[in-house]
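When you number the sequence shown by my numbering, it's gap-free, plus one each residue, and the end is 174. Using N, Cα and C, we set each Cβ at its ideal position, and we do this for glycine too. These numbers come from a predicted model, not from an experiment. Input: a single structure, listed below in structure tokens.
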Amino acid sequence: MAPDLREFVRDVPDFPKPGILFRDLTPLMRDPDGWQEVIRQLSAVCERLQPDLIVGIESRGFIVGTALATAVRLGFVPVRKPGKLPGEVTGVDYALEYGSDRLEIHSDALADGSKVLIIDDLLATGGTAAACAELVAAAGGELCGFGFVAELAALEGRRKLPEDQPVESLIIYS
């Protein structure tokens, strides 16, 4: 029987500031059985959606995305904050609750029109994942869906993501 992934998530009250309940996934990553189950479930998502590449969002999306890409024998493409990738990049600016940010990808990473599954550890407000989807399109890729280890459904992040794309979250907190 598969382990219940929620059992591995630690709730940290008042982090990073008072009133926030932080869902810490690091105990899940530390446990070999729990982590293997995460990768098994996300591998099933890959089997359904048939991506050519896994795109991971900095920084915890790198952890999840590279493990998944290795398990399903696909390439991995990092999406990073500005100034972190050498060479020519394609970027997208996006709004945050208080200010703005930017994501970048190597300009040639998706130039062949690859089908892409965007992976991250957590779907919260959805702004970063939505910006990543925009970036994938700008770089010439074809989005085939999103995969998250956990989702904070009360923050309604799915509403910011393209409606025509599947969104798979292994753990959903209401």
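- Residue nearest to Leu-103 within the set Asp-112, Pro-78 and Ala-124 is Pro-78 (criterion: CA-CA distance).
- When Ala-71, Lys-84 and Ala-131 are compared, the shortest CA-CA separation from Ala-95 is found for Ala-131.
- Pro-51 carries a coil assignment under DSSP once its states are collapsed to helix, strand and coil.
- In the structure shown, Leu-42 adopts helical secondary structure according to DSSP, grouped into three states.
- In this structure Phe-8 is buried. Its beta-carbon is surrounded by 16 or more other beta-carbon atoms within 10 angstroms.
- Note on geometry: alpha-carbon atoms of Thr-66 and Arg-80 lie some 14 Å from one another.
- A contact is defined here as three or more CB-CB pairs under 8 Å, and the stretch 39-54 meets this definition with respect to the stretch 140-151.
- Linking Asp-52 to Leu-155 through their CA atoms gives a straight-line distance of about 30 Å.
- In this structure, the alpha-carbon of Ile-171 lies about 12 Å from that of Gly-34.
- Assigned with DSSP and collapsed to three states, Ala-137 falls in helix.
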